[in-house]
Amino acid sequence: MEYLNFKNRRKKMKQKRMKMGALLLLGLGLTAVQAQRMNVKTKSGTNTAYMISDIRNMTYSGANLVVTKVDASTTSFAIPDTRFINYSTGMTSTWNGTRWIPSAPTALDNAIFNGNYSAAGFPCDNLTVNAGKQLTIASGNMAVGENFVLRSDATNGTATLIDNGNLTVGGTSSVEQYLTVARQWWYLSSPLSAAKTTTFTDATRTNKIGNYDEISTSYSAPLATNVPLTAGKGYVVKLSDATDGIYTFTGGSLITGDVTLAPTRTGTTAGKRGFNLVGNPYPSYLDWNAAYTAIVNPISNLRNAIWYRTFDGAAMTFYTYSDGEGVPATVTKMIPPMQAFWIKVNQDGTPNSTGSITFKNAYRAHATSTANPLKVKAVSDRQKLRLVVANGTNTDETLIVGKSYASDNYDSYDIEKMSNDNPAIPEIFSMVDNQELVINSVNQLSVDKVINLGFRPGQTGDFTIRATEIQQFRKDSIYSLAIHLINIPMNNGHNTPLSK
């Protein structure tokens, strides 16, 4: 048994033993005691701070380090998991968006980002990115000796990371996601390589988590505890907790590099075939346009569309994005971190069909607006007519857009309407070749063109239909556009695969 004695009996003996202690610690790969304060830490996150004057002795017994204080209390640490971190001045360096306070961190310091940062990596002990902040490792190495965490809260959302350099974490990587019970259903994906369902279901939480099966066109039964979450796969979480809270993804490393998906389309008859629930695998935003149109990454047999199932403040509803257009208009190409979404394999096979798409680091991005990154809208010279139906409580909308490369018939630029299957929400859509469309792309909108609209009231009541966006029309032509309104009853079997 090795023995270190810090008790000051005689000055000569104290100096001799301190020297021996420093050599012994260095021999074990630990840092010699140099400051008055000493932290004994473990890779799993335990942190116990001691003053040197408070320590009576440290003994190595078997596989444990036992620290005994002058009051005779003891703490035991597993030697393979033990680290000594010492500071002469200060223990934490904070980046405020402009500079480090009090100074730039060293490999022994904790680093906290309380402002956006984009520069070369550096070594540190623990690293924390506060909620809503953006960390870009532009180059070099970011060597985190202990733990790395991306924070989240109700006001700022989740911090995001883009690692263009090399990130290494000696301890635990974790990503927080703040969820509110005001919305029961959440569509989520994991940003870590070895996270499990215990993120949502453990001894203290009774939530349920499942996925969607394209083959059976149905949701799975709740998954068991401790089931691994697959990178790029979407999951549905039903919150049973009584209060809002932070859910933390842990396990493995933060996902980076290529993530290839192979969505399926099974059979030739099921109305819901081809829809796959996938997810953004990165701890950052994902640019759908970049992923879909990249020349170096051609997609295979997929529609250029994504569908979100989300909460609009009153009810669960669908958001859609395709080819530069969003319904509602606030939806853009930027897929938030940990967001699950729907994609669709386009063509039937014999008997089955498979699509393919690869997400790459180059398609990652940070939010362009801290308030609501889905509200960034590019200026367009396309003809657009956006119609919104309302019943006084809930709304729904459809978009008719002129594109020089689209046809008036049903084609790949027309995007299917996903019914909310909720009688409290009225629905409006275009009709082309018996297809219900949320985005109807036509060759050109003109005064002699006929657009068939479908209207599903869901229940009796008073309704209004308003044109909330009219773009690139002559002032007098919109009133001459022929609109045929067709009243369609609820539950008619059209496009209702995503009803949770």
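Our numbering puts the first residue of the sequence shown at 793, with every later residue one more than the last. Think of the CB as a built atom: it goes at the ideal place given N, C-alpha and C, for glycine as much as any other residue. No experiment lies behind these values; they were computed from the predicted model shown.
Assign isoleucine 871 to one of three DSSP states: helix, strand, or coil.
Looking up residue 871 in the sequence shown gives position 79. Helix, per DSSP.
Serine 931: which of Asn1093, Thr947, Asn958, Val921 sits nearest, CA to CA?
Position 139 of the sequence shown, counting from 1, holds the residue named residue 931. Closest option to serine 931, Cα to Cα, is Asn958.
Just to confirm, are glycine 1194 and valine 1137 a CB contact at a threshold of 7 Å?
Sequence index remark: in the sequence shown, residue 1194 carries index 402 (1-based). Sequence index remark: in the sequence shown, residue 1137 carries index 345 (1-based). Taking 7 Å as the Cβ cut-off, glycine 1194 and valine 1137 do not qualify as a contacting pair.
So the candidates are Ser853, Phe940, Ile1135; which of them puts its Cα closest to the Cα of serine 1092?
For the purposes of this step, residue 1092 is taken as the residue at position 300 of the sequence shown. Selected option, being the one with the closest Cα: Ile1135.
Apply the 10 Å Cβ neighbour rule to glycine 889 and answer buried if 16 or more other Cβ atoms are within range, or exposed otherwise.
On the sequence shown, residue 889 is found 97 positions in, with the first residue counted as 1. Per the 10 Å Cβ criterion, exposed.
Give the straight-line distance between the Cα atoms of alanine 864 and valine 858, rounded to the nearest whole angstrom.
Position 72 of the sequence shown holds residue 864. Position 66 of the sequence shown holds residue 858. Looking at the two C-alpha atoms, the distance is approximately 11 Å.
What whole-angstrom Cβ distance do leucine 919 and leucine 1046 have, given they're in contact under 8 Å?
Sequence index remark: in the sequence shown, residue 919 carries index 127 (1-based). Sequence index remark: in the sequence shown, residue 1046 carries index 254 (1-based). Leucine 919 to leucine 1046, Cβ: 11 Å. No contact.
Using the rule of at least 16 other Cβ atoms within 10 Å of the residue's Cβ for burial, across every protein chain shown, is glutamine 1251 buried or exposed?
As a position in the sequence shown, residue 1251 is number 459, starting the count at 1. The residue in question, glutamine 1251, is exposed, as its Cβ has fewer than 16 Cβ neighbours within 10 Å.
Go ahead and pull the three-state DSSP assignment for asparagine 782.
Given a span of 793 to 1292 for the chain in the structure shown, any question on residue 782 remains unanswerable.
Does leucine 1031 get closer than 7 Å to chain B when you measure Cβ to Cβ?
No chain B is part of this structure, which consists of one protein chain only.
Using 10 angstroms around the beta-carbon of tyrosine 1197, count the other beta-carbons present and answer buried if the total reaches 16, otherwise exposed.
The sequence position of residue 1197 within the sequence shown is 405, counting from 1. With fewer than 16 other Cβ atoms within 10 Å, it is exposed.
So is valine 921 buried or exposed if we call it buried at 16+ other beta carbons inside 10 Å?
Position 129 of the sequence shown, counted from the first residue, corresponds to residue 921. It counts as buried.
Measuring CB to CB, does valine 1181 end up less than 7 Å from isoleucine 1243?
Numbered from 1 along the sequence shown, position 389 holds the residue referred to as residue 1181. Numbered from 1 along the sequence shown, position 451 holds the residue referred to as residue 1243. Cβ atoms of valine 1181 and isoleucine 1243: not closer than 7 Å.
If we ignore side chains and look at the alpha-carbon of each, how far apart do glutamate 1006 and leucine 1177 end up?
For the purposes of this step, residue 1006 is taken as the residue at position 214 of the sequence shown. For the purposes of this step, residue 1177 is taken as the residue at position 385 of the sequence shown. Their backbone Cα atoms lie some 33 Å apart in a straight line.
For alanine 1132, which option in Val1119, Asn1232, Gly1044, Gly1024 has the closest C-alpha, if you only look at C-alpha atoms?
For the purposes of this step, residue 1132 is taken as the residue at position 340 of the sequence shown. Measuring from the Cα of alanine 1132, the nearest candidate turns out to be Gly1024.
My output table needs one value for tyrosine 1077: the three-state DSSP class, helix, strand or coil.
Against the sequence shown, residue 1077 aligns to sequence position 285. Strand at tyrosine 1077.
To the nearest angstrom, how far is the alpha carbon of lysine 861 from that of threonine 840?
By 1-based counting over the sequence shown, the position of residue 861 is 69. By 1-based counting over the sequence shown, the position of residue 840 is 48. Cα-Cα distance, rounded: 12 Å.
My understanding is that threonine 1040 touches valine 1019, with C-beta atoms under 8 Å, so please give their C-beta distance in whole angstroms.
For the purposes of this step, residue 1040 is taken as residue 248 along the sequence shown, with counting starting at 1. For the purposes of this step, residue 1019 is taken as residue 227 along the sequence shown, with counting starting at 1. Rounded, the Cβ-Cβ distance is 17 Å, inconsistent with contact.
Within the same chain, show all residues whose beta-carbon is closer than 7 Å to that of tyrosine 1202, passing over the 5 residues directly before and after it, in chain order.
Sequence index remark: in the sequence shown, residue 1202 carries index 410 (1-based). Same-chain partners within the cutoff: Val1224, Asp1225, Gln1227.
Given a threshold of 16 other Cβ atoms within 10 Å of its Cβ, counted over all protein chains shown, does serine 910 qualify as buried or as exposed?
Within the sequence shown, the letter at position 118 stands for residue 910. With fewer than 16 other Cβ atoms within 10 Å, it is exposed.
Would leucine 1021 and asparagine 999 qualify as a contact pair, given that the criterion is a beta-carbon distance under 7 Å?
Residue 1021 sits at position 229 when you count from the first residue of the sequence shown. Residue 999 sits at position 207 when you count from the first residue of the sequence shown. Taking 7 Å as the Cβ cut-off, leucine 1021 and asparagine 999 do not qualify as a contacting pair.
Between alanine 896 and cysteine 916, is the Cβ-Cβ spacing less than 7 Å?
Counting from one through the sequence shown, the residue named residue 896 turns up at place 104. Counting from one through the sequence shown, the residue named residue 916 turns up at place 124. No.
Using only the alpha-carbon positions, how far apart do leucine 816 and methionine 850 sit?
As a position in the sequence shown, residue 816 is number 24, starting the count at 1. As a position in the sequence shown, residue 850 is number 58, starting the count at 1. At leucine 816 the pLDDT is 33, less than 50, meaning the model places this residue with poor confidence and gives no usable figure here.
Can you tell me the Cα-Cα spacing of leucine 1078 and leucine 900, whole angstroms?
Mapped onto the sequence shown, residue 1078 falls at position 286. Mapped onto the sequence shown, residue 900 falls at position 108. Leucine 1078 and leucine 900: Cα-Cα distance of roughly 33 Å.
How close, in whole Å, do the beta carbons of aspartate 1036 and leucine 942 come, if the pair is a contact with beta carbons under 8 Å?
Numbered from its first residue, the sequence shown carries residue 1036 at position 244. Numbered from its first residue, the sequence shown carries residue 942 at position 150. At roughly 18 Å, the Cβ-Cβ gap does not stay under 8 Å, so aspartate 1036 and leucine 942 are not in contact.
Got a sec: does the ligand COA put a non-hydrogen atom nearer than 6 Å to the Cβ of threonine 1058?
The ligand COA is absent from the structure shown, which contains no ligand whatsoever.
For the beta strand (DSSP E) containing threonine 1260, name the first residue and the last one.
The sequence position of residue 1260 within the sequence shown is 468, counting from 1. Unbroken beta strand (DSSP E) run through threonine 1260: 1256–1263.
When DSSP labels each residue in this structure, what does tryptophan 998 get in the three-state scheme?
Indexing the sequence shown from 1 puts residue 998 at position 206. The residue asked about is misnamed: residue 998 is threonine in this sequence, not tryptophan. Note: threonine 998 maps to strand in three-state DSSP.
Going by DSSP, which residues form a beta bridge with tyrosine 1155?
By one-based count along the sequence shown, residue 1155 stands at place 363. BP columns for tyrosine 1155 are empty, so no partner.
Quick one: what does DSSP say alanine 1083 is sitting in, helix, strand or coil?
Position 291 of the sequence shown, counted from the start, is the residue given in the question as residue 1083. Here alanine 1083 sits in helix by DSSP.
What is the rounded straight-line gap between the Cα of leucine 1245 and the Cα of alanine 995?
Taking the first residue of the sequence shown as 1, we reach residue 1245 at position 453. Taking the first residue of the sequence shown as 1, we reach residue 995 at position 203. If you take the alpha carbons of leucine 1245 and alanine 995, they lie about 51 Å apart.
Where arginine 997 and proline 1215 are concerned, what is the direct C-alpha to C-alpha distance, given to the nearest angstrom?
For the purposes of this step, residue 997 is identified with residue 205 of the sequence shown, where counting begins at 1. For the purposes of this step, residue 1215 is identified with residue 423 of the sequence shown, where counting begins at 1. So the alpha carbons of these two residues sit roughly 32 Å apart.
With 16 as the cutoff for other CB atoms within 10 Å, does alanine 987 come out buried or exposed?
In the sequence shown, residue 987 corresponds to position 195, counting from 1. The residue is buried, with at least 16 neighbouring Cβ atoms inside 10 Å.
Below 8 Å, can you find three or more Cβ-Cβ pairs linking the region 1042–1056 to the region 1114–1125?
Taking 8 Å as the limit for Cβ pairs, the verdict is that the region 1114–1125 does not touch the region 1042–1056.
Could you compute how far the alpha carbon of asparagine 1144 sits from the alpha carbon of isoleucine 1217?
By one-based count along the sequence shown, residue 1144 stands at place 352. By one-based count along the sequence shown, residue 1217 stands at place 425. Cα to Cα, asparagine 1144 sits roughly 34 Å from isoleucine 1217.
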